[in-house]
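Asker: Protein chains in written order, with the working numbering: chain A, 4 to 168; chain B, 81 to 343.
For every residue, glycine included, the Cβ atom is placed at its ideal position computed from N, Cα and C.
My questions will all concern the structure given below.
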């Protein structure tokens, strides 16, 4: 149990200490929002209905989470290269604990960067339903007038926009 | 303290270690020598539970390393050939992490960390990040870390590689001191044969996966009728050069250097 705690702590410390990582995790979604948000919003709003930002926001949060998850995977390789992995492998701790500790610590980063994005977006009046349930279930509706319009598989949003269809 | 009986390790068609047996007594400093690719590292990995032998048994302080892996791991400390510190944490945090991984109670951990950092002259630098340390300081910290949980057996895998003569001599002074005061059994590999001769009580020489000689330095010299241990080593293992293919870790490291990346 302590082993899980100390590995979690290590990941959190490393995240808090690495300024580059924090800046990157904030810069990347900002970039997406600015570039795509301002770039495509007029096109989108002409073609369909609703705010493009509302459509984009959950995706950006999702992207951030996905990207930092990938970094967590790469971090294991870095640990291997710099030898630290060996130190944990010869310790009298089962592999599963090592994995749990590491994963918990890393999921803290993901939660951090994800929720920072979310709170940043909220201040721009993006509705909570769009942010709190960034589920990846997108369905395309063939009977729509506009084939590019897709709705988030979110009952709240669907009800609002499509009358519960 | 270390009891090795007839261990072999086979990788697909290649046999790296061909049935070696030896014993190391408590409180002994045992040096394990051999040219590159002789099976040293494989043996070391088997002794430290990182690989399991294809056949044969290894007992550390009476504990079978395959059947009781976790108990065996608590018995030994290790200093790896390559650095294995977390350089984004401070010296103190590195030791603390180790102590917690090995399940040391808090009070003991704090006392022991202070004691070891003082012995290794790192107490003043305990709050500095490891990335700011010199090669010698990192090695000292690694040794301190390996000894933190008071292991009965201490493995040193080429601990002096890449160190200056000052750090090397100081390192061996520390190792000898700990061997004297805590009666720790020390198992080391090195390429510096003069060091092995100076420090080790007993020496074993491995080549092509077989143990070709073991005994005290003077035994080995008498056996081969040579003046120096280095002469004995060359007489036993020949003078031809050995090529070793790079390990996957080395390949990754080479790639990283090529890409000019840093952490």
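Residues of the segment 79-90 of chain A with a CB closer than 9 angstroms to any CB of chain B: list them in chain order, please.
Answerer: 80, 81, 82, 83, 84, 85, 86, 87, 88, 89, 90
Asker: I'd like to check one pair, residue 273 of chain B with residue 313 of chain B: are the Cβ atoms closer than 8 angstroms?
Answerer: yes
Asker: Give a yes or no on whether the minimum CB-CB distance between residue 130 of chain B and chain A is below 8 angstroms.
Answerer: yes
Asker: For residue 291 of chain B versus residue 102 of chain B, is the C-beta distance shorter than 8 angstroms?
Answerer: Cβ distance < 8 angstroms, so residue 291 of chain B and residue 102 of chain B count as in contact.
Asker: Determine whether the Cβ of residue 214 of chain B lies closer than 8 angstroms to any Cβ atom of chain A.
Answerer: no
Asker: Among the residues of its own chain, which have a CB less than 6 angstroms from the CB of residue 216 of chain B, if the five just before and after it don't count?
Answerer: 243, 247
Asker: Does the contact criterion of 3 or more C-beta pairs under 8 angstroms hold for the segment 180-200 of chain B versus the segment 218-229 of chain B?
Answerer: Look at the beta carbons and you see the segment 180-200 of chain B touching the segment 218-229 of chain B: at least three pairs across the two are nearer than 8 angstroms.
Asker: Measuring CA to CA, which of B:97, B:115, B:239, B:294 is closest to residue 321 of chain B?
Answerer: The residue with the shortest Cα to Cα distance from residue 321 of chain B is B:115.
Asker: Hey, which unbroken runs of the alpha helix (DSSP H) at 4 residues or more fall wholly within the segment 115-142 of chain B?
Answerer: 120-127
Asker: Pull up the CB-CB distance for residue 74 of chain A and residue 166 of chain B, whole angstroms please, since I reckon it's below 8 angstroms.
Answerer: About 17 angstroms; that fails the 8 angstroms criterion.
Asker: What is the DSSP secondary structure of residue 304 of chain B, reduced to helix, strand or coil?
Answerer: Helix, per DSSP.
Asker: Just verifying my parser: in three-state terms, what is the DSSP assignment at residue 96 of chain B?
Answerer: strand
Asker: Fully enclosed by the segment 183-250 of chain B, which alpha helix (DSSP H) runs are 4 residues long or longer?
Answerer: Counting only runs of 4 or more, we get 186-199, 215-227.
Asker: Using a Cβ-Cβ cut-off of 8 angstroms, state whether residue 163 of chain B counts as contacting chain A.
Answerer: yes
Asker: Verify the CB distance criterion: does residue 111 of chain A have a CB-CB separation below 8 angstroms to chain B?
Answerer: no
Asker: Just the C-alpha distance for residue 128 of chain B and residue 264 of chain B, rounded to the nearest angstrom, thanks.
Answerer: 16 angstroms
Asker: Just to confirm the assignment, what range does the alpha helix (DSSP H) spanning residue 268 of chain B have?
Answerer: Element bounds for residue 268 of chain B: not the alpha helix (DSSP H) but the beta strand (DSSP E), 265-269.
Asker: Using the DSSP secondary-structure output, state which residues sit across from residue 112 of chain B in a beta bridge.
Answerer: B:269, B:284
Asker: Using 8 angstroms as the limit for Cβ to Cβ distance, is residue 153 of chain B near chain A?
Answerer: yes
Asker: Between residue 55 of chain A and residue 76 of chain A, how many whole angstroms is the CB-CB distance? I'm expecting something under 8 angstroms.
Answerer: Not confirmed; about 31 angstroms, so no contact.
Asker: What span of residues does the alpha helix (DSSP H) with residue 317 of chain B cover, start to end?
Answerer: 309-317
Asker: Report back the beta-carbon spacing between residue 237 of chain B and residue 159 of chain B to the nearest angstrom; my notes put them in contact at under 8 angstroms.
Answerer: 7 angstroms
Asker: Residue 82 of chain B and residue 140 of chain B look like a contact to me (Cβ under 8 angstroms); what is the Cβ gap, rounded to whole Å?
Answerer: 6 angstroms
Asker: Return the chain-ordered ranges of every alpha helix (DSSP H) run that is complete within the segment 41-66 of chain A and spans a minimum of 4 residues.
Answerer: 42-50
Asker: Specify, as a first and last residue, the run of the beta strand (DSSP E) that residue 84 of chain B falls within.
Answerer: 82-91
Asker: Would you give the residue range spanned by the alpha helix (DSSP H) that residue 10 of chain A belongs to?
Answerer: 5-20
Asker: Under 8 angstroms, Cβ to Cβ, is there at least one residue of chain A near residue 160 of chain B?
Answerer: yes
Asker: Tell me which residues share the same chain as residue 206 of chain B and place their Cβ nearer than 7 angstroms to its Cβ, disregarding the 5 neighbours each side in the sequence.
Answerer: 170, 171, 172, 197
Asker: Residue 285 of chain B and residue 316 of chain B - do their beta-carbons sit closer together than 8 angstroms?
Answerer: yes
Asker: Report, in whole angstroms, the separation of the C-beta atoms of residue 235 of chain B and residue 150 of chain B, which I expect to be a contact under 8 angstroms.
Answerer: Residue 235 of chain B to residue 150 of chain B, Cβ: 17 angstroms. No contact.
Asker: According to DSSP, simplified to helix, strand and coil, what is residue 166 of chain B?
Answerer: coil
Asker: Under a three-way DSSP split, which group does residue 79 of chain A fall into?
Answerer: helix
Asker: With a threshold of 16 other CB atoms inside 10 Å of the CB of residue 8 of chain A, please say whether the residue is buried or exposed.
Answerer: exposed
Asker: State yes or no: is the beta carbon of residue 217 of chain B nearer than 8 angstroms to at least one beta carbon in chain A?
Answerer: no
Asker: Would you say residue 167 of chain B faces chain A, with C-beta separation under 8 angstroms as the test?
Answerer: By this cut-off, residue 167 of chain B is an interface position.
Asker: Count the other C-beta atoms from every protein chain shown that fall within 10 angstroms of the C-beta of residue 13 of chain A, then say buried if there are 16 or more, exposed otherwise.
Answerer: buried
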